[in-house]
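Enquirer: Read top to bottom, the protein sequences are chains A and B.
Using my numbering, the letters of the first sequence map in sequence onto residues 12 to 324.
Using my numbering, the letters of the second sequence map in sequence onto residues 12 to 324.
All C-beta atoms, glycine included, are put in the ideal place defined by N, C-alpha and C.
Just so it is clear, the structure is predicted and the values come from calculations on it, not from any experiment.
2 protein chains.
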Amino acid sequence: MKVCAFAGGVGGAKLAAGLQDVLPPGDLTVVVNTADDFDLWGLHICPDLDTVMYTLAGISNPETGWGLAGESFDALSMLERYGEETWFKLGDRDLATHILRTSRLRSAETLTEVTAALSGSLGVESTILPMSDDPVSTVLETPEGRLEFQEYFVRRAQRDEVLGVELRGIESTRPTGAVLAAISRADTLVFCPSNPVVSVGPILAVPGIREALASSSAPKVAVSPIVGGRALKGPADRMLSSLGHEVSATGVAKMYVGLLDGMVVDRIDEEERAGIEDLGMRVLVTESVMRDAEDRARLASETLEFGAGMVAR
Amino acid sequence: MKVCAFAGGVGGAKLAAGLQDVLPPGDLTVVVNTADDFDLWGLHICPDLDTVMYTLAGISNPETGWGLAGESFDALSMLERYGEETWFKLGDRDLATHILRTSRLRSAETLTEVTAALSGSLGVESTILPMSDDPVSTVLETPEGRLEFQEYFVRRAQRDEVLGVELRGIESTRPTGAVLAAISRADTLVFCPSNPVVSVGPILAVPGIREALASSSAPKVAVSPIVGGRALKGPADRMLSSLGHEVSATGVAKMYVGLLDGMVVDRIDEEERAGIEDLGMRVLVTESVMRDAEDRARLASETLEFGAGMVAR
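Dropping the structure here:
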């Protein structure tokens, strides 16, 4: 039962962890957004890859969902003493990841290779793949002007209205052989509850990924990141709204029309079932909020059964 | 009273701190060995510059003499988890120094500029100068083969017999304008008690430095790093011996013949006075072991008075 999941940061990592828990070791591949990767003091930082990696390794910070549990911030305090801006909260152990990744990338390893080595060292049995080895950067158009993604997301705490999204460099990216292989051999394709604009959106925008998905006959299901008209984490709700989308599970479904076979929505959104079915998708209504490991595993199981049911039909 | 001191690591940093304590703010310039600089995980590390900088900033580890007081090692433990070799003990706050230095060097700042910025941020009022902005690497010939300096010094804990020293790249280095200016305007030139082979040696081997020293009429005095036939810190004693030098204050004096006007030796080596004077140098016999800040300041004062006395004569 090979599963290929698509994920951004915290919410996506949670469902990925649930999938890892319920699948045989090695059966899960997670394709992760890299469009919010950036460089800080010459270190190459991949926030979503790291969130997924730390979560699947069981060492992520359960309070924040990102970063490492029990992290210290001594290097950052020293950088502050040197007069540097320290709004991006780099922990000491997290820094080791960025230092090693940057060093290996400079030695001409690909991001795919580096990610495999790092996650392997942390004991992760699933395969974590960057969406591409080629760089992309997300730039947001706001009333304050154009903002780099981390500037918007971390430094300005997502307070700006997003009027447009540019995925700079996306047209020159190519999906890796590993991503294409993971999609083609998957028995189920799962779109995690990540931001459809800036997390799943960039993955789908890598030239060739939509074609690969279209070539696969495996069921394609998404878990809605919008529950009761709100994003459980992050600015997806406000972003959908300011970009002219409906802020609901149905709104998310509309963004995935032609791509997905089914949507998993929360009980609170049960009344949206008919509308989503009218878009040509099947709907599973269940508890979709993941508060703990048990929730994650149950939602993962139900999502996989939901997909498997489509094949059986 | 402008003083220009020449230093390597721990011992040199101690006397530099003493000089800083007894001189008016800004009157001290320390020219520091950079021949044991090296790259680790793509980070540019300057052990001697950092030891001098941390010591002059009053934040060095008093137990070891190098590194920072109260340092943590979380990044290093994570690097170890990633399967990396961690014999070079990089602390978390120390890492901030290397990250920032590397980033600024990549932005085309010189090591001289970066060092000024970092030490300024730490509140150091003295000027700390790398001996050159050009790279040099010290390679040691040993019975086990050729070893990079830090490999010998840290990883193998200086256990190998040193049969030869190569300062790779030294012939292509140039002294910076800042170093030449510091030498030419100094009222006293002080050679700190650092290893004459691998700390002071590389500074003197930068083409142009000996000529600049020869052009200066300021008194030139050294404090012997060998006391009672032993190095107070580090492998200088065994290194002098295996390289065919006499392991004594006299042996050090012989290496500086033609360069120095005077040597400061410890009371325990009083009997060497006549022999050193026969080499054409004046000798000051005093307590030269620096156990605390008081010792450092007293030795610094006495060394400066010793130099001043030569001018008065």
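Buried or exposed for L151 (chain A), going by 16 or more other Cβ atoms inside 10 Å?
Expert: Per the 10 Å Cβ criterion, buried.
Enquirer: Quick check on A242 (chain A) - is its C-beta less than 8 angstroms from some C-beta in chain B?
Expert: No - not a single Cβ of chain B is within 8 angstroms of the one on A242 (chain A).
Enquirer: Mind listing, in chain order, the continuous alpha helix (DSSP H) runs of no fewer than 4 residues lying wholly within the stretch 252-297 of chain B?
Expert: Here the runs fully enclosed are 260-266 and 284-289.
Enquirer: I believe I110 (chain B) touches W52 (chain A) by the beta-carbon criterion, under 8 angstroms. Please report the beta-carbon distance rounded to the nearest angstrom.
Expert: Correct: roughly 5 angstroms between the Cβ atoms.
Enquirer: With 8 angstroms set as the bound, which would you pick, yes or no: does the beta-carbon of M12 (chain A) sit closer than that to a beta-carbon of chain B?
Expert: Not closer than 8 angstroms to any Cβ of chain B, the Cβ of M12 (chain A) fails to qualify, so no.
Enquirer: Specify, as a first and last residue, the run of the beta strand (DSSP E) that V190 (chain B) falls within.
Expert: Unbroken run through V190 (chain B) is the alpha helix (DSSP H), G188 to R196; no beta strand (DSSP E).
Enquirer: Can you tell me the Cα-Cα spacing of G255 (chain B) and N44 (chain B), whole angstroms?
Expert: One C-alpha to the other measures close to 23 angstroms.
Enquirer: Whose Cβ in chain B lies nearer than 8 angstroms to the Cβ of S132 (chain A)?
Expert: The answer, in chain order, is R92, Y93 and G94.
Enquirer: By DSSP, does V33 (chain B) sit in helix, in strand, or in coil?
Expert: Three-state result, V33 (chain B): helix.
Enquirer: Since L129 (chain B) meets chain A, which of its residues come closer than 8 angstroms, beta carbon to beta carbon?
Expert: Going along chain A in sequence order, the residues near L129 (chain B) (Cβ under 8 angstroms) are Y93.
Enquirer: Would you give the residue range spanned by the beta strand (DSSP E) that I56 (chain A) belongs to?
Expert: From DSSP, the beta strand (DSSP E) with I56 (chain A) extends over L54 to I56.
Enquirer: Starting from the beta carbon of R117 (chain B), find every residue of chain A whose beta carbon is closer than 7 angstroms, and list them in chain order.
Expert: Result: G53.
Enquirer: Would you mind telling me which residues of chain B sit closer than 9 angstroms to S183 (chain A), beta carbon to beta carbon, in chain order?
Expert: Those within 9 angstroms of S183 (chain A) in chain B number zero; the least Cβ separation is about 24 angstroms.
Enquirer: On the DSSP letters alone, give me the boundaries of the alpha helix (DSSP H) that G94 (chain A) sits inside.
Expert: G94 (chain A) -> no alpha helix (DSSP H), and no H or E assigned at all.
Enquirer: List the residues that DSSP assigns as beta-bridge partners of R402 (chain B).
Expert: Nothing can be reported for residue 402 (chain B): it is not among the residues displayed for chain B, which extend from 12 to 324.
Enquirer: Between the stretch 129-136 of chain A and the stretch 178-188 of chain A, are three or more C-beta pairs nearer than 8 angstroms?
Expert: No contact exists between the stretch 129-136 of chain A and the stretch 178-188 of chain A.
Enquirer: Can you check whether the C-beta of I110 (chain A) is within less than 8 angstroms of a C-beta belonging to chain B?
Expert: So yes, I110 (chain A) belongs to the interface.
Enquirer: Assign R117 (chain A) to one of two classes, buried (16 or more other C-beta atoms within 10 Å of its C-beta) or exposed (fewer than that).
Expert: With fewer than 16 other Cβ atoms within 10 Å, it is exposed.
Enquirer: I need the boundaries of the beta strand (DSSP E) containing I139 (chain B), first residue and last residue.
Expert: Where I139 (chain B) is concerned, the enclosing beta strand (DSSP E) stretches over T138 to P141.
Enquirer: Where does K25 (chain A) land, buried or exposed, given buried means 16+ other C-beta within 10 angstroms?
Expert: So K25 (chain A) counts as buried.
Enquirer: Is it right to say P186 (chain B) is buried, meaning 16 or more other beta carbons lie within 10 angstroms of its own, or is it exposed?
Expert: The residue is buried, with at least 16 neighbouring Cβ atoms inside 10 Å.
Enquirer: List, in order along the chain, the chain A residues whose C-beta lies closer than 8 angstroms to that of A86 (chain B)?
Expert: The answer, in chain order, is A86, D103, R104, L106, A107 and I110.
Enquirer: Could you tell me the distance, in whole angstroms, from the CA atom of L270 (chain B) to the CA atom of S210 (chain B)?
Expert: Rounded to whole angstroms, L270 (chain B) to S210 (chain B) spans 16 angstroms at the Cα level.
Enquirer: A225 (chain B) lies in the alpha helix (DSSP H); which residues open and close that run?
Expert: Note, A225 (chain B): alpha helix (DSSP H), I220 to S226.
Enquirer: Any beta-carbon of chain A closer than 8 angstroms to the one on M89 (chain B)?
Expert: For M89 (chain B), the answer is yes, since a Cβ of chain A falls inside 8 angstroms of its Cβ.
Enquirer: Please state whether DSSP places K13 (chain A) in a helix, a strand or coil.
Expert: Of the three classes helix, strand and coil, the one that applies to K13 (chain A) here is coil, per DSSP.
Enquirer: I want to verify the contact list: residues of chain A whose CB lies under 7 angstroms from the CB of T113 (chain B), in sequence order.
Expert: What T113 (chain B) touches in chain A: G53.
Enquirer: So that I know if they touch, is there some Cβ in chain A lying closer than 8 angstroms to that of S71 (chain B)?
Expert: Not one chain A Cβ lies under 8 angstroms of S71 (chain B).
Enquirer: Under 8 angstroms, Cβ to Cβ, is there at least one residue of chain A near S83 (chain B)?
Expert: Yes, S83 (chain B) lies at the interface with chain A (some Cβ there is under 8 angstroms from its Cβ).
Enquirer: Among all the DSSP beta bridges, which residues are the ones paired with A18 (chain A)?
Expert: Bridge partners of A18 (chain A): A:V43.
Enquirer: Using DSSP's beta-bridge definition, name the partner residues of T199 (chain A).
Expert: BP columns for T199 (chain A) point to A:V14.
Enquirer: For the beta strand (DSSP E) that contains G156 (chain B), what are its first and last residues?
Expert: Looking at the DSSP string, the run of the beta strand (DSSP E) that includes G156 (chain B) is G156 to E159.
Enquirer: Taking the C-alpha atoms as reference points, what is the distance between T261 (chain A) and G240 (chain A)?
Expert: If you take the alpha carbons of T261 (chain A) and G240 (chain A), they lie about 10 angstroms apart.
Enquirer: Terminal residues of the continuous alpha helix (DSSP H) containing G131 (chain B)?
Expert: First-last of the alpha helix (DSSP H) with G131 (chain B): L122 to S132.
Enquirer: Just to confirm, is the Cβ distance from M142 (chain A) to V42 (chain A) under 8 angstroms?
Expert: A contact, by the Cβ cut-off of 8 angstroms.
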